[in-house]
Amino acid sequence: MFSRLRASLSRTRQSLAGGLSGLFGAGKKIDQQTLDELEELLILADVGVDTSMKIMDALNGIIRRDRITDTAELYPALEEVLLDILQPSEVPLDIPSTTQPFVIMIVGVNGAGKTTSIGKITCQLVQQGKSVLLAAGDTFRAAASEQLKVWGDRNQVHVIAQQPGADAAAVVHDALESAISRNNDVVIIDTAGRQHTSGDLMQELEKIYRIAGKKLPGAPHEVMLVLDAGIGQNALHQLEGFDKRVNVSGLCLTKLDGTAKGGIIISIADRTGLPIRYIGIGEGIDDLRQFNARDFVKALFNQENQDAD
Ligand SMILES: Nc1nc2c(ncn2[C@@H]2O[C@H](COP(=O)(O)OP(=O)(O)OP(=O)(O)O)[C@@H](O)[C@H]2O)c(=O)[nH]1
Ligand SMILES: [Mg+2]
Numbered sequence: 483m484f485s486r487l488r489a490s491l492s493r494t495r496q497s498l499a500g501g502l503s504g505l506f507g508a509g510k511k512i513d514q515q516t517l518d519e520l521e522e523l524l525i526l527a528d529v530g531v532d533t534s535m536k537i538m539d540a541l542n543g544i545i546r547r548d549r550i551t552d553t554a555e556l557y558p559a560l561e562e563v564l565l566d567i568l569q570p571s572e573v574p575l576d577i578p579s580t581t582q583p584f585v586i587m588i589v590g591v592n593g594a595g596k597t598t599s600i601g602k603i604t605c606q607l608v609q610q611g612k613s614v615l616l617a618a619g620d621t622f623r624a625a626a627s628e629q630l631k632v633w634g635d636r637n638q639v640h641v642i643a644q645q646p647g648a649d650a651a652a653v654v655h656d657a658l659e660s661a662i663s664r665n666n667d668v669v670i671i672d673t674a675g676r677q678h679t680s681g682d683l684m685q686e687l688e689k690i691y692r693i694a695g696k697k698l699p700g701a702p703h704e705v706m707l708v709l710d711a712g713i714g715q716n717a718l719h720q721l722e723g724f725d726k727r728v729n730v731s732g733l734c735l736t737k738l739d740g741t742a743k744g745g746i747i748i749s750i751a752d753r754t755g756l757p758i759r760y761i762g763i764g765e766g767i768d769d770l771r772q773f774n775a776r777d778f779v780k781a782l783f784n785q786e787n788q789d790a791d
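Here the sequence shown is numbered in this note's numbering, starting from 483 and rising by one per residue.
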């Protein structure tokens with residue numbers, strides 16, 4: 483499990499830790515140039531300017547506190563700083579059995595990985611013994627509900643869908659009614675991809691959100707924003723746009739396997755403090771992990787077999 487995570491982060495690790503290993507060779511003394519280069523590496527890995535500055539401040543604090551002089555000792559210090567930032571966002575999705583059905587609404591821009599993540603999350607929930615129902619709230623394209631049905635078949639769960647062009651809020655209404663009568667534990671609502679800046683489409687999303695709450699008070703219980711990690715700092719703008727409209731309560735960061743910009747996760751945790759529920763590390767059904775800060779940092783800096791990737 484860990485080696486799979488580690489392998490999937492190889493690009494980010496190369497851009498970040500690969501550069502660090504040159505900086506952090508044992509026996510070298512820490513000087514201002516080392517620290518400047520480190521800050522630059524963080525920014526290049528899309529940790530962001532503000533968060534990188536904050537990390538450097540904290541690191542300088544540890545250097546003084548522990549009287550560190552050798553660059554080899556910077557690794558553990560950096561890990562400590564990153565864990566402090568990431569750990570508050572390590573809040574797994576909790577689905578209380580008293581909330582039935584528990585409704586999860588999935589939102590995000592086009593192609594972020596929403597539908598695929600739904601398939602993977604469903605697989606995990608089914609493995610936990612939960613009965614899941616999927617709502618095909620992306621009614622823009624026929625292919626969208628077909629794609630969701632494929633995931634429904636693979637997980638052997640029911641999918642509520644209507645014709646392309648149907649009102650997405652009506653699909654959600656139907657799905658909730660069906661889930662209530664079937665005693666489903668969880669409903670996951672797929673939605674069409676949309677830019678956070680598109681007024682009309684964001685309004686449609688608000689309508690889905692509102693209808694869910696009308697049909698089932700308290701729903702949706704989770705609004706999960708799916709973000710493609712490869713877009714780097716723009717993720718923060720998307721988050722802001724979606725949060726304004728539908729109160730994002732958790733994040734799923736996809737495609738960490740294909741990007742060198744995985745540092746964005748540190749930026750997101752620092753700037754928003756929002757729960758990072760899951761990370762996507764591949765296209766397969768098993769390629770989704772609950773976010774674990776310690777594993778993530780370990781996978782980023784694990785120097786063992788560094789040359790093997
Ligand atoms: N490598 C990799 N690919 C992923 C991951 N998650 C999703 N994908 C791929 O990204 C592409 C888009 O995924 P979808 O799930 O269709 O994205 P979407 O957000 O539903 O897209 P729209 O409905 O068109 O807005 C697909 O080819 C997925 O296989 C991931 O974690 N890693
Ligand atoms: Mg989709």
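We put the beta carbon where it would ideally sit given N, CA and C, even for glycine. A quick note: this is a predicted structure, and the numbers were derived from the prediction, not measured.
In terms of CA proximity to isoleucine 586, Gly619 leads the group Gly619, Glu572 and Gln569. Per DSSP, glycine 619 is one residue of the beta strand (DSSP E) stretching across 614-619.
Using a Cβ distance threshold of 8 Å, isoleucine 588 and methionine 684 do not count as a contacting pair. In the DSSP annotation of this structure, the continuous segment of the alpha helix (DSSP H) that includes phenylalanine 783 starts and ends at 775-783.
Scanning its chain for C-beta atoms nearer than 8 Å, with the 5 sequence neighbours on each side dropped, one finds around asparagine 774 the residues Glu572, in chain order.
Less than 8 Å separates the beta-carbon of isoleucine 671 from that of proline 702.
Under the three-state reduction of DSSP output, glycine 611 falls in the coil class, being neither helix nor strand. Between the region 707-715 and the region 741-751 there are three or more inter-stretch CB-CB distances shorter than 8 Å, so the stretches are counted as touching. Annotation for isoleucine 690: the continuous alpha helix (DSSP H) segment containing it runs 681-697. Counting along the chain, isoleucine 670 sits inside the beta strand (DSSP E) bounded by residues 668-673. Between the alpha carbons of leucine 756 and phenylalanine 584 lies a distance of about 20 Å. Contact check between the region 540-548 and the region 718-731: fewer than three CB pairs, one atom from each, fall below 8 Å, which does not count as touching.
For lysine 596, the Cβ falls inside the 7 Å cut-off from some heavy atom of ligand 2. Between alanine 651 and lysine 596, the beta carbon gap of about 17 Å keeps them out of contact (Cβ cut-off 8 Å).
About 4 Å separates the CB atoms of glycine 590 and valine 708; that is less than 8 Å, so the two are in contact. Put simply, of Ser492, Val639, Val653 and His719 the residue whose alpha carbon is nearest the alpha carbon of lysine 697 is Val653. The DSSP-derived three-state label of glutamine 772 is strand. Valine 573 carries a coil assignment under DSSP once its states are collapsed to helix, strand and coil. If the five residues before and after threonine 679 are omitted, its C-beta is found closer than 7 Å to the C-beta atoms of Gly723, all from its own chain and listed in chain order.
Per the C-alpha coordinates, the member of Leu615, Ala625 and Leu523 positioned closest to alanine 657 is Leu615.
Distance from the CA of isoleucine 642 to the CA of proline 699, rounded to the nearest whole angstrom, comes to 20 Å. Ligand 1 approaches alanine 626 closely enough that one of its heavy atoms is under 7 Å from the residue's Cβ. When Cβ pairs closer than 8 Å are counted between the two stretches, the region 547-559 is seen not to touch the region 630-637, the count staying below three.
Between arginine 771 and tyrosine 760 a beta carbon distance of about 7 Å is seen, short of the 8 Å cut, so the two are scored as contacting.
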